[in-house]
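Below: one structure, written as structure tokens.
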Amino acid sequence: MKYFRETDKKGRYLYWNEFKWRVDKNDDAKKAWLITKWCRFTKRKSISLFDKNQKEFHYCIPDSLEAKFYKIAKLSGEGMTSSINVKQKFLISSLMMEEAISSAQLEGASTTRVVAKKMLVEERKPRSEDEQMILNNYFLMREVKSLLDAPLSIDLIRHFHKIATHKTSENSVIPGEFRTDNEIVITDGVDGEILHQPPDYKEIEERLEKLCDFANTMHSGENGNIFIDPIVKAIILHFMIGYEHPFADGNGRTARAIFYWFMLQNGFSFFEYLSISKLLKVAPVKYGMAYLYTEIDENDLTYFLYYQADIILRAMDELFQYLDEKSKEFEDVVDLLENSKLSNNLNFIQKNIIKKAMKNPGRTFTVKEISNAYEVSDNTARKYLKRLAEYKLLAPVKEGRMVKYIALADIKDVLGN
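The sequence shown begins at 1 in full-length UniProt numbering and counts up by one.
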């Protein structure tokens, strides 16, 4: 009876190559696998999406996976809302940049995180194709947020891809245009073994139309509809764009953009602060294997659901840790400020600028940077920086027609007087 369940005794959803080594010594591994497969079959839910051989994709939700989705929903609905207040939104304003950078690095961009973030903050023009890819991803994440009222359509998929691949040339990609041949294959990267051959390019539009229908159909479980958890649906959309591979390049970036778009559209508003690409980049092989197991085990999407659920939960843990660290850093500055003569003269944004200045003496701030980071007008940003310069906390330096503000090394001394 111990094998009459979808997972092993530790709640793991294993494929045969791992399952067979975890069967008890005196048990028949093949029989145990058949029993487990039967249990999965009885619980599976089909989604009316098919592979290139017209075999249907499906998934099941074992208890251990349901627990992960419950935790994600709980943290998103309660933990995130209660722990990220207005002030902390400013503290994590750079996290959209983090996803933009990591997503590009996952696709092979070699620009360092420090250089990339400096480019985004200063709004400097990209100097290489790798930097262009990062800038594209940043614009893509901003565009995702602005199109939450739109249904998924072929035009929207093309639009996301066009932004993601603007001014890039990898694999002779044409921004917003589907591939026109079947030369694209996914290999293991070691000996060139083909792991996935996408569907025929002639079928791309028809197949994506069906994917859009799936995305736009209400799966609320009401009025005779089947129920599909929005988190599950977002992950399936991510998987299917990767499976269809409709473009010559940029499929991964487009897939992740659609994942974020669907999550934000369904009320998971703080997903804009989560960087899943950062964690996918750490273990790209596992990312690939989650795709592979799904395809070779009768289109069972459960493998990919487990993998992505774990990635999301880890990203949430990292976000909470980041918030704790940034909040503590800010409180240290607040304590120092409250004991200074400037305590009542500075607002939150100015205090946060001082925090950054104290951490990096010599750092420069621009009006455009402050305007973008804190979502205020250029005039307001300029006023905040000028006031800090008047208090001798920043030093204004004119470069041509632009004024930059440099963080001074003696800020603590100024605050202490």
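From the three backbone atoms N, C-alpha and C, an ideal C-beta is built for every residue, glycine too. All of these numbers come straight from a predicted model, not from anything done at the bench.
So what does DSSP say about D300, is it helix, strand or coil?
Residue state, collapsed to three classes: strand.
Tell me which residue opens and which closes the alpha helix (DSSP H) that F348 is part of.
F348 to K359
With a Cβ-Cβ cutoff of 8 Å, do A234 and F262 count as a contact?
yes
Do the CB positions of K55 and N299 come within less than 8 Å of each other?
yes
Since L394 sits in a beta bridge, which residues does DSSP pair it with?
A407
Report yes or no: do three or more beta-carbon pairs, one from the stretch 261 to 278 and one from the stretch 143 to 156, lie closer than 8 Å?
yes
Inter-residue spacing [alpha-carbon to alpha-carbon] between E129 and S275:
One C-alpha to the other measures close to 22 Å.
Would you mind stating whether Y307 and Y15 have Cβ atoms separated by less than 8 Å?
no
Among E244, N345, R127 and W38, the one whose alpha carbon lies nearest that of L49
Minimum Cα-Cα distance from L49 among the listed residues E244, N345, R127 and W38 corresponds to E244.
Assign Y70 to one of two classes, buried (16 or more other C-beta atoms within 10 Å of its C-beta) or exposed (fewer than that).
exposed
In this structure, how does DSSP classify E209 when only helix, strand and coil are distinguished?
Helix at E209.
Contact check, R179 vs F239 under 8 Å by CB: the rounded distance?
That belief does not hold up - the Cβ atoms of R179 and F239 are roughly 19 Å apart, past 8 Å.
So what does DSSP say about S102, is it helix, strand or coil?
helix
Beta-carbon proximity list for R22, same chain, < 6 Å, skipping 5 on both sides
Within the same chain, R22 has close Cβ partners D8.
When the Cα atoms are used, what is the spatial distance from A29 to L211?
37 Å
Just to confirm my understanding: we take residue 418, look at its own chain, exclude 5 residues before and 5 after, and list those with CB closer than 8 Å. What are they?
Because residue 418 is not part of the residues shown, which for the chain are 1 to 417, the question remains open.
Is it a yes or a no for the stretch 130 to 141 touching the stretch 309 to 328, going by three-plus beta-carbon pairs under 8 Å?
no
Quick one: Cα of V414 to Cα of Y322, how far?
29 Å
Are the CB atoms of Q105 and K281 nearer to each other than 8 Å?
yes
What is the residue span of the alpha helix (DSSP H) that E56 lies within?
Where E56 is concerned, there is no enclosing alpha helix (DSSP H), although the beta strand (DSSP E) it sits in stretches over E56 to Y59.
State whether the stretch 31 to 42 contacts the stretch 222 to 232, with contact taken as three or more CB pairs (one from each stretch) at a distance under 8 Å.
no
6 Å Cβ shell around G108 - same chain, five flanking residues per side excluded
none
Just how far apart, CA to CA, sit S220 and D229?
8 Å
Going by DSSP, name the residue or residues bridged to H196.
I186
Is V397 buried or exposed, if buried means 16 or more other CB atoms sit within 10 Å of its CB?
exposed
Quick check on the DSSP output: the alpha helix (DSSP H) that includes I47 runs from which residue to which?
Not the alpha helix (DSSP H): I47 falls in the beta strand (DSSP E), residues K45 to F50.
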